[in-house]
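Q: Count the sequence shown with mature numbering (1 follows the signal peptide of the UniProt record, and there is no 0) and you get residues -18 to -1, 1 to 288, in order. Virtual Cβ for every residue (Gly too), placed ideally from N, Cα, C. This one's a predicted model, so the numbers in the text were calculated from it and none came from an experiment. Next up is a structure, given as structure tokens.
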Amino acid sequence: MRRAIILLLVFLLAVSCAKEESDDEFSVVAADFPSYDAARAILGETDNLTLLLPPGTESHSYDPTPRDMIKLASADVVVFTGGPSDEWVRTVLSSLDEPPRPFALTEQVPLLFEEHKEGMEEEEEHDHSVHEIDEHVWTSPKNEIVIIKNLSLLLSTVDAKNAELYEKNADAYIARISALDEEIQSVVDNSCRKPLIFASRFPLLYFVREYELDYYAAFPGCAEESEPSARTVAFLIDKAKELSASCILNIEMSSPSIARIIAEESGANVKVFNTLHNVSAADFYAGKDYVDLMGENIGVLEEALN
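Here it is as structure tokens:
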């Protein structure tokens, strides 16, 4: 508690100084990679966009520093998920006299509630009567298109002199996402539509709903539990055998140990499925974007569905 109070005092003092020293240059801060990618696609090559979440780190355990809060408070626009993982953003914004314009991804599209499927690990002290919002809206390409359109409108309003550029960039990115969507749909339409088996968390509810796919997973959403119980692992092994699954899926930056156990017991392979919570440092500095990373899932999806 003492550390939190000290950090808050340092933050408030630094923000007041930052506001005085800030210039008229338009700036955008993104709390996470999905937010950053959307803003980057619209803004184009610029030094005026900052990503707070370091590449290669776990997004759900991210703890903002006073420097991060100062960057956020000094921006013109702040882009963030808007779910449980970044509630701190709203807390910071509400503490400011002149907050940046907020843009929450979860406020752009209809939301889904996390669902508890057969075989999933029971969360400790979890009340199933309380429905938790699934914040991973970007995993649906159609949702991502809406997000890009709406963010482009906001950026064009706040930075009107560059509105034409933002609209042009947004249209180009939307065309790429639409092509990606069509390619994924083609893979699904020409598959056996076998249920997908995930050995870890499952932040892909919007994805499977869009393409009408079934799945089994160890945990709903992005549950905090690190490893599933023996009972859950046994269930997934049995399902993999029953379905003659060719591959067991594991989301990026999750330990592959459970996926390997299930794969070994069922005769399947382990494949990584990108959810874009974050990217590796190598992928980030290589400039990989939403279309690149989701595109890497196509071959994996084709194998998993057949």
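Tell me whether Gly65 is buried or exposed, calling it buried when 16 or more other Cβ atoms sit within 10 Å of its Cβ.
A: Flag for Gly65 reads buried.
Q: From the DSSP secondary-structure annotation, give me the bridge partner or partners of Thr32.
A: Answer by DSSP bridge pairing, in chain order: Val11.
Q: Look up Ile156 in the DSSP assignment and give the residues it is bridged to.
A: Bridge partners of Ile156: none, in fact.
Q: Could you check how far apart the C-beta atoms of Val119 and Leu87 are, in whole angstroms? I think they sit under 8 Å.
A: Val119 to Leu87, Cβ: 5 Å. Contact.
Q: Does the Cβ-Cβ distance between Val169 and Glu247 come in under 8 Å?
A: No, they are not a contact pair.
Q: Pop quiz: Asn256 and Lys176 are said to be a contact at Cβ under 8 Å. What is the actual Cβ separation, rounded to whole angstroms?
A: Not quite, the Cβ-Cβ distance comes to about 20 Å (not below 8 Å), so this is no contact.
Q: Name, in chain order, the residues that DSSP records as bridge partners for Tyr197.
A: In DSSP, Tyr197 forms a bridge with Leu178.
Q: Starting from Pro123, trace the alpha helix (DSSP H) both ways and give me its first and last residue.
A: Its alpha helix (DSSP H) spans residues Pro123 to Val140.
Q: Among Val10, Asn144, Glu149 and Ser160, which residue has its Cα nearest to the Cα of Asp274?
A: Closest option to Asp274, Cα to Cα, is Ser160.
Q: On the criterion of 16 or more Cβ atoms from any shown chain inside 10 Å, does Asn125 qualify as buried, or is it exposed?
A: Result: buried.
Q: In terms of alpha-carbon separation, which member of Ser41, Thr63, Met102 and Thr47 lies closest to residue 289?
A: Since the displayed the chain opens at -18 and closes at 288, residue 289 lies outside it and no answer follows.
Q: Tell me which residues share the same chain as Leu225 and place their Cβ nearer than 7 Å to its Cβ, disregarding the 5 neighbours each side in the sequence.
A: The answer, listed in chain order, is Lys176 and Pro177.
Q: Between Lys99 and the ligand HEM, is there a pair consisting of the residue's CB and a ligand heavy atom that are separated by less than 7 Å?
A: Questions concerning the ligand HEM fall outside what the structure shown contains, since it holds no ligand whatsoever.
Q: Near Glu40, which residues of its chain fall below 7 Å by C-beta distance, leaving aside the five closest residues on each side in sequence?
A: Result list for Glu40: Met235, in chain order.
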